[in-house]
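Residue numbers (the working numbering), protein chains in the order written: chain A, 646 to 957; chain B, 646 to 957; chain C, 646 to 957.
Here it is in structure tokens:
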């Protein structure tokens, strides 16, 4: 594994999951693996879980950590080659990535979708530029289109709780008052497919994810059919891909309620957090024993540690 | 000791002070006590002394530290149970506390009074929620009504400088241009009482602290009487508790001047810092050999280290 | 060496450069030198390279690091003695510096020119106050008039690439859309003089640096003459010193182009970064093998490590 920015960077998913399982049982078994190694985490956007779980994972391996809030310091990067930089962008990514890369052994980067231009967001120019110029392995701490650290934690969680070899996993859109990226949903879909789960994606008309992540054959518009016999329900809001960045529905019928969970085969409830209670999910579901949201969050450390162990 | 949020969390104050004294003499005697332990410090409000002294204390014990500025990242928590979270609060404290708690072994939290609602501030809902949901020991890095890390450092300082078994300690209100919380004053009072000092609290009419912290019997409105025979003068501004959050006086006569200090028995001068010179205290007092403000600040490391040593 | 705020703090420059060369070849040779030592870095202004390279250098020596963004937390310091602090400044530098100094073994401070008052900026009151009150060695992480960590990295780079004992080094002003400090240029000049290079400074009329940094004898207004036979070209924009903080020219003829570089003796190109491409320097120059900008940036770690090794 050279970088960790999508599931396609993973050479051997079963091996990575086996490593994660080892780490989950003995997180402190490799305290000196990262001796004199340094991880730098670059945040163009805010972060709580990702920031803390990645740091913790690095500490478990004896890796030093440097955290940089790029957004807060108001430092803007130029990505276009050949541009005359007389505007508000103070540094080209060619220099920024190469310099930061020279200060660390692994570089984590978070850069959300900007919702100005779908082609640009989906081209993942920031992640690609860092991969190209930093000279060290890049970990995506959530990019415009993917959140692979979250997805790996999700798969680790499903592996630990699944009751059959090939569980039925439903990715269900749920309502939310703000415009959210498609990254978590895209990413969960591509990892669930790679893990060979029986994935079904359900959402109102107009919320189809990009075809590269969710082929039409996996979409079931009728939530009753989608939830039938499900082993895991993964709830998430996202804004429209086709009418890019638009909120097309806030229909409360899509909230994950006990009634909807009753359609499943005693499914577990999953969400990446932060979650808006009684908007995305009813208290009665998230507070039930079927809720795995805290296990998912705790597995963020395991996932980050498995990734770091591989990359250093 | 399960948490450290007020003096009542301390099982044995003399033992904690003895431990602090040991630490003051040999701060580096336990470099591996915190091996593979992690402290997370969560700041809902700005911090200088608390942030740095707590980090330094953790490093002295070999504890890893993660610092998170919650306020700066604009992340707002919901505390009400059962609420429909379709407003500006992105996460419920039930998830936030549990998740952060799963990433660390001890969790420090700073959350000031908001001055919107006295009942709410004095109910200490943030601190209680973290204690309830985090699953790890909580250290208050200053809450709406208390600042126990500061108070412990203050008591450590008085113990080191006192010239009699039961010194007379005066907590004196002093003027300030801005609305300040009662936390430091409340907290100092409850610790001074627990330490069995001869505590007197003096302030203009209307500045009475909450009765749970300062019983009426300890109030002396006449500063001349209050300062007579004092061994320590602790200056601090606070806004009114009864007319909650109001500034009722900016009377410069309450500034701690050489004249006022002359009423005492060669008392030491104390303040938690930051202090506004020539508003709270005259240069001639804070720059005199009687000033303990730098010793108090240095003892913040000792206090934090004694607390961490106890909790991990 | 007691502090590191200008070249005049360095007792023995050749010895410091020899130490840097040793460090460059074996950065991890002293992993325990900083055992139980702590560096605190205080940023009154944003920082990328300085922040990360100083942290990395400290980690290489086993030094703990605490980073504090003073500006972001909105905490303002009073520097005037005797002032009545009833305005917006919450703490006097006497307390702030002494307290922070008591929490660490070395203190790094970044505080840019404010461009309100030239005398004040050039008096370097912030750096002087920290040197006076902190009680620990101070490292300037860029002050109003100097950037010595950058300059040391620049000299380390020139030493590694020079092809003759006393190279001709040209410091060339270049255009920029914003008002920039003179600090990097001032500092590079005083270090290049201390290193006994054949220094020539070239810029449009009105951009003369302060005489204490660049004596008139080193100025050559004709860039063709300045660049002739140069071994190194160091490009940098600065605003006017004489019409303090003004932009007097944005003449694109001062951009460092292949044509201008052709006037030299195959000179290397240098810049401290961040650099605006095709404004300060043409892509064809910065992307050529003659560009040392990434080597300079990488040497920031070496420089910081040499400084820390000396100070702890």
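The beta carbon of each residue, even a glycine, is placed where N, CA and C say it ideally should be.
- Under the 10 Å beta carbon count, residue 696 of chain A is surrounded by 16 or more other beta carbons and is classified as buried.
- Following the DSSP letters along the chain, one finds residue 705 of chain C in no beta strand (DSSP E) but inside the alpha helix (DSSP H) bounded by residues 694-705.
- CA-to-CA, the gap between residue 702 of chain C and residue 772 of chain B works out to about 38 Å.
- Taken in chain order, the members of the stretch 698-712 of chain C whose beta-carbon sits within less than 8 Å of a beta-carbon on chain A are 698, 700, 701, 704, 705.
- Contacts with chain B at 9 Å (Cβ-Cβ) do not include residue 882 of chain A.
- Under the 8 Å Cβ criterion, the stretch 906-921 of chain C counts as touching the stretch 929-943 of chain C, having at least three qualifying pairs.
- Within the DSSP secondary-structure output, residue 847 of chain B pairs in a beta bridge with B/817.
- Spatial neighbours of residue 646 of chain C in its own chain (CB-CB distance under 7 Å, excluding positions within 5 residues in sequence) are listed in chain order as 654, 655, 656, 955, 956.
- For the C-beta of residue 685 of chain C, the chain B residues within less than 7 Å are, from N- to C-terminus, 697.
- The Cβ atoms of residue 731 of chain B and residue 721 of chain B lie no closer than 9 Å to each other.
- Check the Cα spacing between residue 898 of chain C and each of C/817, C/672, C/786: the tightest is with C/817.
- Shown here is that no member of the stretch 723-737 of chain A has a Cβ falling below 8 Å from a Cβ of chain B.
- Taking CB atoms only, residue 648 of chain B has no neighbour in chain C less than 9 Å away.
- Here residue 704 of chain C is buried. Its C-beta has 16 or more other C-beta atoms within 10 Å.
- Residues of the stretch 792-805 of chain C with a C-beta atom less than 8 Å from some C-beta of chain B do not occur.
- Taking C-beta atoms as the reference points, residue 752 of chain A and residue 793 of chain A fail to come closer than 9 Å.
- With 16 or more other CB atoms across the displayed protein chains lying within 10 angstroms of its CB, residue 787 of chain A is buried.
- The beta carbon of residue 889 of chain C sits closer than 6 Å to the beta carbons of 763 from its chain, once the five residues preceding and following it are set aside; these are given in chain order.
- For residue 700 of chain A, the CB contacts under 6 Å within the same chain, skipping 5 residues up- and downstream, are 710 in chain order.
- Using a CB distance below 9 Å, the part of the stretch 739-755 of chain A facing chain C consists of 739, 740, 741, 743, 744, 745, 747, 748, 749, ordered along the chain.
- Within the stretch 900-929 of chain A, 918, 919, 920, 921, 922, 923, 924, 928 place their CB atoms closer than 8 Å to a CB of chain B, listed in sequence order.
- The criterion of a C-beta distance shorter than 9 Å is not satisfied by residue 881 of chain C and residue 798 of chain C.
- Proximity of residue 846 of chain C to chain A, defined by a Cβ-Cβ separation below 9 Å, is not satisfied.
- Residue 738 of chain B carries a helical assignment under DSSP once its states are collapsed to helix, strand and coil.
- Interface flag for residue 824 of chain A against chain C is unset, since no Cβ pair is found closer than 9 Å.
- Put simply, the CB of residue 849 of chain A is far from chain B, with every gap to its CB atoms at 9 Å or more.
- In this model, residue 855 of chain C and residue 883 of chain C are separated by some 12 Å (Cα to Cα).
- Contact note: residue 681 of chain B reaches chain A through 672, 673, 676, 704, 705, using a C-beta cutoff of 9 Å and chain order.
- Per DSSP, reduced to three states, the secondary structure at residue 858 of chain A is coil, with no helix or strand assignment.
- In the DSSP assignment, residue 945 of chain B forms no beta bridge with any residue.
- Annotation for residue 850 of chain B: 866 place their beta carbon closer than 7 Å to its own, counting only its chain and skipping 5 residues before and after.
- The C-alpha of residue 785 of chain A lies about 14 Å from the C-alpha of residue 766 of chain A.
- Per DSSP, residue 880 of chain B lies in no alpha helix (DSSP H); the unbroken beta strand (DSSP E) holding it starts and ends at 877-881.
- For residue 708 of chain B, there is no enclosing beta strand (DSSP E), as DSSP marks it with neither H nor E.
- The beta-carbon of residue 938 of chain B is placed less than 9 Å from the nearest beta-carbon of chain C.
- The DSSP-derived three-state label of residue 892 of chain C is coil.
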